[in-house]
Amino acid sequence: MPARTDLIEEGHVPERIHLILDGYACRYKVLPDGQRQIMAYLVPGDFCDLNVFILDQMDHAIGTISPCQVVEISRNAIEEVTAHYPQVTRALWWCALVDEAILREWLVNIGSRQAHQRIAHLFCELLLRLEAVGRVSDNSYAFPFTQTDIADTMGLSDVHVSRTLRELRRLQFITLKRRVLTILDVEQLKAYCGFNPNYLHLRNTRWSARRQVPWLSSSHGA
1 MPARTDLIEE GHVPERIHLI LDGYACRYKV LPDGQRQIMA YLVPGDFCDL
51 NVFILDQMDH AIGTISPCQV VEISRNAIEE VTAHYPQVTR ALWWCALVDE
101 AILREWLVNI GSRQAHQRIA HLFCELLLRL EAVGRVSDNS YAFPFTQTDI
151 ADTMGLSDVH VSRTLRELRR LQFITLKRRV LTILDVEQLK AYCGFNPNYL
201 HLRNTRWSAR RQVPWLSSSH GA
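Here full-length UniProt numbering is used: the first residue of the sequence shown is 1, the next is one more, and so on.
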């Protein structure tokens, strides 16, 4: 899928579930005045719409941020798998529960942290989530997000985001070059924003256990 393309629009009837194999996507809503609110980032290994296939219509949109490799899975296939394979059902529940945990943390982030902490917290979260699926090298990862994307995520203006990024660079927490973000000192950045990774429920990372995502292994190695 090309960058900046909707996988499914708000109001549409979901017929398939989408799984991100490569690239970045987001959940978002657009208000009547055109203002956008991004409510989640989706990275490789994430289901975009795991629960919504049982609903009548989408209450938000899902769009790509970067070019994405996406698998579409039919409702019937999901229903068949969950009916006959309890371990797969449990894994899908886990995915849905982690999505909810991330959303709760985002609410806390926007409602209770200062702007510089919000953005630093997002950078830490993406580091761990991407590291868990093998998309991090030397604390660096692809960062295709624009300042407007970050602003629409954090409830800030583009100007405020630009100012905050300059401050994080000045403090030598990050570098951001050619759409690659590098965290120069992970522990200092975590302390700076009060980041606690428990809500991600990851396994086998540097801080906890590594997340096994079997549906990614074969595709990424191909």
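C-beta atoms are modelled at their ideal positions from N, C-alpha and C, and glycine is treated no differently.
Segment limits, beta strand (DSSP E) that includes residue i
i: residue 223; result: With the chain covering only 1 through 222, there is no way to say anything about residue 223.
i: C124; result: Taken as a continuous stretch (DSSP letters only), C124 belongs to no beta strand (DSSP E), being part of the alpha helix (DSSP H) at A115 to E131.
i: L42; result: R36 to L42
i: T182; result: V180 to I183
i: I150; result: Not the beta strand (DSSP E): I150 falls in the alpha helix (DSSP H), residues Q147 to M154.
i: C95; result: Element bounds for C95: not the beta strand (DSSP E) but the alpha helix (DSSP H), P86 to S112.
i: S137; result: Looking at the DSSP string, S137 is not in any beta strand (DSSP E), and its letter there is neither H nor E.
i: R203; result: Taken as a continuous stretch (DSSP letters only), R203 belongs to no beta strand (DSSP E), as it is neither H nor E.
Cutoff 8 Å; reference residue i; Cβ partners in own chain excluding five residues on either side
i: N139; result: L127, T182, I183, L184 and V186
i: S157; result: A151
i: V136; result: L127 and L130
i: A209; result: Confidence at A209 is low in this model, with a pLDDT of 42, below 50, so its placement is unreliable and no value can be given for it.
i: L176; result: F143, L165, R169 and T182
Under 9 Å between C-beta atoms of residue i and residue j
i: Q37; j: V43; result: no
i: G194; j: R104; result: no
i: P86; j: G23; result: no
i: H116; j: E167; result: yes
i: I62; j: Y41; result: no
i: T164; j: I119; result: yes
i: R170; j: F143; result: no
i: V88; j: V81; result: yes
i: A25; j: V70; result: yes
Top-ranked residue by Cα proximity to residue i, from the options
i: M58; options: I65, T64 and C48; result: C48
i: I8; options: P32, N51, Q35 and H60; result: H60
i: G45; options: P2, P197, C68 and V133; result: V133
i: D152; options: Q87, R129, I54 and M39; result: M39
i: L200; options: G155, Q172, I102 and Q188; result: I102
i: Y141; options: R129, W94 and P197; result: R129
i: N198; options: R179, C124, V161 and S162; result: C124
i: H13; options: A25, M1 and N51; result: Residue identity differs from the one stated: residue 13 is Val in this sequence, not His. Of the listed residues, the one whose Cα sits closest to V13 is N51.
i: residue 231; options: E10, G155, M1 and L189; result: The question about residue 231 has no answer, for the chain in this structure spans 1 to 222.
i: Q172; options: Q188, W106 and Q35; result: Q188
i: Q35; options: S162, A191 and D149; result: D149
Own chain partners of residue i with C-beta closer than 7 Å, once the 5 adjacent residues on each side are dropped
i: F145; result: I65
i: E72; result: R16 and H18
i: C95; result: F47 and L50
i: I54; result: none
i: I174; result: F123, L168, L181, T182, I183 and L184
Residue i, enclosing alpha helix (DSSP H) - first and last residue
i: S74; result: Note, S74: premise wrong, no alpha helix (DSSP H); beta strand (DSSP E) at Q69 to S74.
i: H12; result: That residue, H12, is in no alpha helix (DSSP H); it is neither H nor E in DSSP.
i: Y192; result: V186 to C193
i: H160; result: D158 to R170
Own chain partners of residue i with C-beta closer than 6 Å, once the 5 adjacent residues on each side are dropped
i: S219; result: For S219, the predicted structure reports a pLDDT of 47, less than 50, and the residue's modelled location is therefore unreliable. A value from the coordinates is still provided. Excluding sequence neighbours, S219 sits near L21.
i: H121; result: N109, C193 and F195
i: A222; result: Unreliable placement is indicated for A222, whose pLDDT of 38 sits below 50; the coordinate value is still reported in the next sentence. Cβ neighbours of A222 beyond the five flanking positions: none.
i: M1; result: T64, C68 and V70
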